[in-house]
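Novice: Here's a structure for you.
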Amino acid sequence: MTVPALEITGLTVTYRGRAGRIPALTDVDLTVAPGEVVGLVGGSGAGKSTVARAVAGLVRPDRGAIRVAGAGVAGAGRAELRRIRRTMHLVFQDPYAALPPTLRVGDVIAEPLVVHRIGDRFDRVAQAATAVGLDRRHLDRYPHELSGGERQRVAFARALVSGPRLILADEPTQMLDASLRRDLVDLIARLAAERGIAVLHITHDLALAQHGCARLVVMSRGRVVETGPTAEVLASPRHDHTAALVAAATHRRPQEDPCAKSRCSTWTSAPPAAPTSVSGWTATPSTGPT
Ligand SMILES: Nc1ncnc2c1ncn2[C@@H]1O[C@H](COP(=O)(O)OP(=O)(O)OP(=O)(O)O)[C@@H](O)[C@H]1O
1 MTVPALEITG
11 LTVTYRGRAG
21 RIPALTDVDL
31 TVAPGEVVGL
41 VGGSGAGKST
51 VARAVAGLVR
61 PDRGAIRVAG
71 AGVAGAGRAE
81 LRRIRRTMHL
91 VFQDPYAALP
101 PTLRVGDVIA
111 EPLVVHRIGD
121 RFDRVAQAAT
131 AVGLDRRHLD
141 RYPHELSGGE
151 RQRVAFARAL
161 VSGPRLILAD
171 EPTQMLDASL
181 RRDLVDLIAR
191 LAAERGIAVL
201 HITHDLALAQ
211 HGCARLVVMS
221 RGRVVETGPT
231 AEVLASPRHD
241 HTAALVAAAT
251 HRRPQEDPCA
261 KSRCSTWTSA
271 PPAAPTSVSG
281 WTATPSTGPT
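Printed below as a string of structure tokens:
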């Protein structure tokens, strides 16, 4: 049997702060297979981001098990957690805040290679950039010199560069223009299919989930209330919360349907060819960081 890229069982998380105890997750079960894109949907405060934070080891669960490609996250020591983190990557919703502004894009993408002491940096960065459809000339620019859509592609190139088994994408389309959202979802689906990367895609947008996620996990108030193939869940929701989400999404369309705009297919086409002569990150490998 294939080992799931992500397997969560009985995950329970409580935040403790000045406001007291806030139960964020209760007995959450969830799996993502290699190459599968699973949409994690639910209303605001349902606990979706807390799932991603717990998987990344950023919040400590009260109980439950989290396994990434078979390795346990909860209770892992620092060295083991570091090793597990090499196999997964988080992409956040805000491509403006997530990228270090003082680094050139090539160095931004290379960061995980530096952190995890992985060699062949020049080639890996160039391959990751090409995979997300970035022109190599972007590598010498700074994040503020890119559009929002390009920055989010940089975020995905950085996620890809160390060869992860799992990408946790927390509302990655949220800050993008509607016309670019579906392009990003197509990119995620392609990366999963071509590279066998498992993706947990957290989103509010059911139209995007329908387009890019094979399976949905629906959360409400810290619990998983429904899960199943996306088409099935959306066509005949079994839980009231799912039905309400579907009704709200149906009501919003078609004005907010990102597919209504003509730029939807931009990223689905072949990535642009790399230029042959430029400087810095795009120069010969010997001048690039290693
Ligand atoms: N750092 C924190 N300290 C205390 N409570 C928190 C913290 N982060 C989140 N919460 C609470 O935990 C619950 C789940 O929050 P979470 O951010 O996981 O939900 P979400 O489904 O991702 O919401 P959204 O879609 O609005 O981002 C909410 O009640 C939230 O107020």
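Taking UniProt numbering as reference, the numbering of the sequence shown is continuous, increasing by one, and the terminal residue is 290.
Note that CB positions come from ideal geometry on N, CA and C, so glycine has one too.
What three-state label does DSSP hand L6 in the structure shown?
Specialist: In the structure shown, L6 sits in a strand (DSSP, three-state: E or B).
Novice: Please classify Q127 as buried or exposed, where buried requires at least 16 other C-beta atoms within 10 Å of its C-beta.
Specialist: exposed
Novice: From A198 to D186, what does the alpha carbon distance come to, in whole angstroms?
Specialist: 14 angstroms
Novice: In the structure shown, what three-state DSSP assignment does A260 receive?
Specialist: For A260, the pLDDT reaches just 38, beneath the cut-off of 50, and the residue's location in the model is therefore unreliable, leaving the point undetermined.
Novice: Look at the alpha carbon of L160 and the alpha carbon of R121, and state the distance between them as a whole number of angstroms.
Specialist: 13 angstroms
Novice: Hey, would you say L58 sits closer than 9 angstroms to H201, going by beta carbons?
Specialist: no
Novice: Do you know whose CA, among A56, G106, P23, lies nearest R82's CA?
Specialist: A56
Novice: So if DSSP puts S220 in a beta bridge, which residue, or which two residues, is it bridged to?
Specialist: According to the DSSP secondary-structure assignment, S220 is paired through a beta bridge with R223.
Novice: Return yes when the C-beta of A248 is under 8 angstroms from any heavy atom of ligand 1, and no when it is not.
Specialist: no
Novice: How big is the Cα-Cα spacing for R238 and C213?
Specialist: 19 angstroms
Novice: Would you say V125 and A157 are within 9 angstroms of each other, going by their C-beta atoms?
Specialist: yes
Novice: Mapping the DSSP letters down to three states, classify A128 as helix, strand or coil.
Specialist: helix
Novice: Shorter than 8 angstroms, the distance from the beta carbon of M88 to the closest heavy atom of ligand 1, or not?
Specialist: no
Novice: Going by C-alpha distance, which of R223, R221, T242 is nearest A231?
Specialist: T242
Novice: Measuring straight from C-alpha to C-alpha, what distance separates A129 and I118?
Specialist: 17 angstroms
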